[in-house]
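S.K.: Protein chains in written order, with the working numbering: chain A, 1 to 142; chain B, 143 to 284; chain C, 285 to 364; chain D, 365 to 444.
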Amino acid sequence: MGFALQATAVDPQGLSAALSDVRAGGLVTFEGRVRDHSGKRAVTALEYEAFSPLAQKEGDRILAEALEKFGILAASCTHRTGRLAPGDIAVWVGVAAEHRGDAFTACRYVIDEIKARLPIWKKEHFAQGEAEWVNCAAPPIK
Amino acid sequence: MGFALQATAVDPQGLSAALSDVRAGGLVTFEGRVRDHSGKRAVTALEYEAFSPLAQKEGDRILAEALEKFGILAASCTHRTGRLAPGDIAVWVGVAAEHRGDAFTACRYVIDEIKARLPIWKKEHFAQGEAEWVNCAAPPIK
Amino acid sequence: MSTVRVRYFAALREERGVPEESMATVAADAGALYDELRSRHGLTLPRDRVRVAINDEFAPWTSLLREGDCVAFLPPVAGG
Amino acid sequence: MSTVRVRYFAALREERGVPEESMATVAADAGALYDELRSRHGLTLPRDRVRVAINDEFAPWTSLLREGDCVAFLPPVAGG
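(1) In the DSSP assignment, the alpha helix (DSSP H) including A:ALA100 goes from what residue to what residue?
(2) Specify, as a first and last residue, the run of the beta strand (DSSP E) that A:GLN6 falls within.
(3) By the 10 Å Cβ neighbour count, where 16 or more other Cβ atoms means buried, how is C:ARG335 classified, buried or exposed?
(4) On the CB-based measure, 16 or more other CB atoms within 10 Å of its CB, does A:LYS40 come out buried or exposed?
(5) Quick one: Cα of B:ALA206 to Cα of B:THR171, how far?
(6) Pull the bridge partners of A:LYS122 from the DSSP assignment, please.
(7) Would you tell me roughly how many angstroms separate the C-alpha atoms of D:SER403 and D:ARG411, rounded to the nearest one?
(8) Three Cβ pairs or more, each shorter than 8 Å: is that satisfied between the stretch 299 to 316 of chain C and the stretch 388 to 397 of chain D?
(9) Counting contacts by CB-CB distance shorter than 8 Å, is B:GLY156 in contact with chain A?
(10) Is the stretch 22 to 38 of chain A in contact with the stretch 94 to 101 of chain A, if contact means three or more CB pairs nearer than 8 Å?
(11) Tell me the rounded alpha-carbon separation between A:VAL10 and A:ALA90.
(12) Which runs of the beta strand (DSSP E), 3 residues or longer, sit entirely within the stretch 313 to 347 of chain C?
(13) Interface residues of chain B around C:PHE357 at Cβ under 8 Å?
(14) Do you know offhand how far A:GLY59's Cα is from A:LEU15's?
(15) Do we get a CB-CB distance below 8 Å when we pair D:GLU421 with the residues of chain A?
(16) Specify the secondary structure class of A:SER20 as computed by DSSP and reduced to three states.
(17) Considering D:ARG377, what are the terminal residues of the alpha helix (DSSP H) in which it resides?
(18) Does any residue of chain C bring its CB to less than 8 Å from the CB of B:ALA262?
(19) Give me the residue from B:ILE262, B:SER194, B:PHE268, B:GLN270 with the minimum Cα distance to B:CYS278.
(20) Determine, using beta carbons only, whether A:PRO86 and A:VAL134 come nearer to each other than 8 Å.
(21) Give me the subset of the stretch 45 to 76 of chain A whose CB atoms are less than 7 Å from a CB atom of chain D, sorted by chain position.
(22) Hey, does B:ALA227 have any beta-carbon neighbour from chain C nearer than 8 Å?
(23) Would you please state the rounded distance, in angstroms, between the beta carbons of B:LEU260 and B:ALA217? I believe it to be under 8 Å.
(24) Could you confirm whether any beta carbon from chain D is found closer than 8 Å to the beta carbon of A:GLY94?
(25) Thinking A:PHE51 and D:LEU438 are a contact (beta carbons under 8 Å), I'd like their distance in whole angstroms, please.
(26) Going by alpha carbons, who is nearest to B:LYS211 out of B:PHE145, B:GLU266, B:VAL252, B:PRO154?
(27) Taking the alpha carbon of D:ALA392 as the point to measure from, which residue in D:LEU407, D:VAL368, D:ALA436, D:GLY406 has its own alpha carbon closest?
(28) Tell me where the beta strand (DSSP E) around B:THR171 begins and ends.
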């Protein structure tokens, strides 16, 4: 339950189990995995760097917002840090609710806000050997 | 993968694993569980009855529609039959896509259509001993 | 006059007391067959809350019955 | 003049070459501090693509710097 940053593999089964509640009719989960490509380039690894104390606060706030905005019973989110390979789970979100509509809406809200607000960065390592921080390229000179 | 009706416990971990695809960035799943209440009455068990050959065809059609309508890589759905206790998984849907928006939309589509169209019925057994088929009450006399 | 196999599900099965039966009917189409069965067995659900499937596929109430058809009556579904 | 601790992340950390440093600055607010560091170290990201956090909380660029503040510069995030 709650938000967690962790340097070890994500366990979706354990996280789902922690959200089970006999009042809940629906559990919606989102698993974000490392893709084997970015644009047309083959990706060999992703490296996540977090500003931990602020990421933890912001993650906690996002879950609190979801619980306040939507009719849900429980929500949790876990985000990886460190070096990941294609296929690894980078982020997991789960929302339990009495009614499925609320669970879908809240789960979507949490992952959208996590992606937009959490102070976490990722560096893509490509098959050709180069590496780039996502979203951090300097703008072209105007 | 695909649609399945089954009389034994649903295995979300195995179903998720079957959808894993290194091209997929996102996996959205929906787990529908038996609630311990219905309205204000305590539920002790749910009994699912299916018209199997038609439910199988309709389930296959719903997944094919999702694959056609949305930009997704794979989808699957498993629906229980038989007698279930509160907390048991009654239906599971999983959708893998490159982009999370498509995965959410398609997963929601599949569970909504499954609930509206699949020839499956459920009987609620209440703590007081009585039992009722959901949605099957005769209309009041006008 | 044709002989058809009739299947009932859920609440309809319990009201009829059997999951299926073979019967000869003068009903020309699926709708007329349901009306016949409804009045004979006191089924409570009106036709507009029931769907029919013929030979394991959804079908309109106006479907003409053919010898040997399997006609299934489906009360309102409640999956998930 | 105040002494602050500065933290850099991701692309900014690599451009600066260190994850953090202590420094004395005459900058009055967080925005002026970033401008000073940007020109001194040739950081490529303009201020409008960077966010600042002071003492582990998001803060506006106009925040006045106080002695001992920990000022973190955050390039565009990319979680998930």
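The beta carbon of each residue, even a glycine, is placed where N, CA and C say it ideally should be.
M.R.: To lay it out plainly:
(1) For the purposes of this step, residue 100 of chain A is taken as residue 100 along the first sequence, with counting starting at 1. Looking at the sequence provided, one finds Arg at residue 100 of chain A rather than Ala. Per DSSP, A:ARG100 belongs to the alpha helix (DSSP H) from 100 to 117.
(2) As a first step, residue 6 of chain A must be located in the first sequence, where it is residue number 6. From DSSP, the beta strand (DSSP E) with A:GLN6 extends over 2 to 6.
(3) For the purposes of this step, residue 335 of chain C is taken as residue 51 along the third sequence, with counting starting at 1. Buried, since its Cβ has 16 or more Cβ neighbours within 10 Å.
(4) Numbered from its first residue, the first sequence carries residue 40 of chain A at position 40. Exposed: under 16 other Cβ atoms inside 10 Å.
(5) Taking the second sequence and counting its residues from 1, the one referred to as residue 206 of chain B is at position 64. Taking the second sequence and counting its residues from 1, the one referred to as residue 171 of chain B is at position 29. For the pair B:ALA206 and B:THR171, the Cα-to-Cα distance works out to about 17 Å.
(6) On the first sequence, position 122 is the one that residue 122 of chain A refers to. A:LYS122 is bridged to A:TYR48.
(7) As a position in the fourth sequence, residue 403 of chain D is number 39, starting the count at 1. As a position in the fourth sequence, residue 411 of chain D is number 47, starting the count at 1. For D:SER403 and D:ARG411, the distance between alpha carbons rounds to 11 Å.
(8) no
(9) Translated into positions along the second sequence, residue 156 of chain B becomes position 14. Interface residue (Cβ-Cβ distance to chain A less than 8 Å): B:GLY156 is not classified as such.
(10) yes
(11) Counting from 1 along the first sequence, the entry for residue 10 of chain A is found at position 10. Counting from 1 along the first sequence, the entry for residue 90 of chain A is found at position 90. Their Cα atoms are separated by approximately 8 Å.
(12) Complete beta strand (DSSP E) runs here, min 3: 335 to 338.
(13) Here residue 357 of chain C refers to the residue found at position 73 when the third sequence is read from its first residue. Those do not exist, as C:PHE357 stays about 10 Å from chain B at its closest Cβ, beyond 8 Å.
(14) By 1-based counting over the first sequence, the position of residue 59 of chain A is 59. By 1-based counting over the first sequence, the position of residue 15 of chain A is 15. Counting only the Cα atoms, A:LEU15 lies some 16 Å from A:GLY59.
(15) For the purposes of this step, residue 421 of chain D is taken as the residue at position 57 of the fourth sequence. Output row for D:GLU421: interface = yes.
(16) If you number the first sequence from 1, residue 20 of chain A lands on position 20. DSSP, read as helix, strand or coil, puts A:SER20 in coil.
(17) Taking the fourth sequence and counting its residues from 1, one reaches residue 377 of chain D at position 13. Residues 374 to 380.
(18) As a position in the second sequence, residue 262 of chain B is number 120, starting the count at 1. The amino acid at residue 262 of chain B is misidentified as Ala; the sequence shows Ile. Judged by the 8 Å Cβ criterion, B:ILE262 is in contact with chain C.
(19) Numbered from 1 along the second sequence, position 136 holds the residue referred to as residue 278 of chain B. Closest option to B:CYS278, Cα to Cα, is B:ILE262.
(20) One-based indexing of the first sequence puts residue 86 of chain A at position 86. One-based indexing of the first sequence puts residue 134 of chain A at position 134. No. Outside cutoff.
(21) GLU49, PHE51, PRO53, LEU54
(22) Reading the second sequence from its first residue, position 85 is the one you call residue 227 of chain B. Judged by the 8 Å Cβ criterion, B:ALA227 is not in contact with chain C.
(23) Position 118 of the second sequence, counting from 1, holds the residue named residue 260 of chain B. Position 75 of the second sequence, counting from 1, holds the residue named residue 217 of chain B. Not confirmed; about 15 Å, so no contact.
(24) Taking the first residue of the first sequence as 1, we reach residue 94 of chain A at position 94. Taking CB atoms only, A:GLY94 has no neighbour in chain D less than 8 Å away.
(25) On the first sequence, position 51 is the one that residue 51 of chain A refers to. On the fourth sequence, position 74 is the one that residue 438 of chain D refers to. Correct: roughly 6 Å between the Cβ atoms.
(26) In the second sequence, residue 211 of chain B corresponds to position 69, counting from 1. Out of B:PHE145, B:GLU266, B:VAL252, B:PRO154, B:VAL252 has the C-alpha closest to the C-alpha of B:LYS211.
(27) Taking the first residue of the fourth sequence as position 1, residue 392 of chain D is located at position 28. Closest option to D:ALA392, Cα to Cα, is D:VAL368.
(28) The count along the second sequence starts at 1 and reaches residue 171 of chain B at position 29. Where B:THR171 is concerned, the enclosing beta strand (DSSP E) stretches over 168 to 175.
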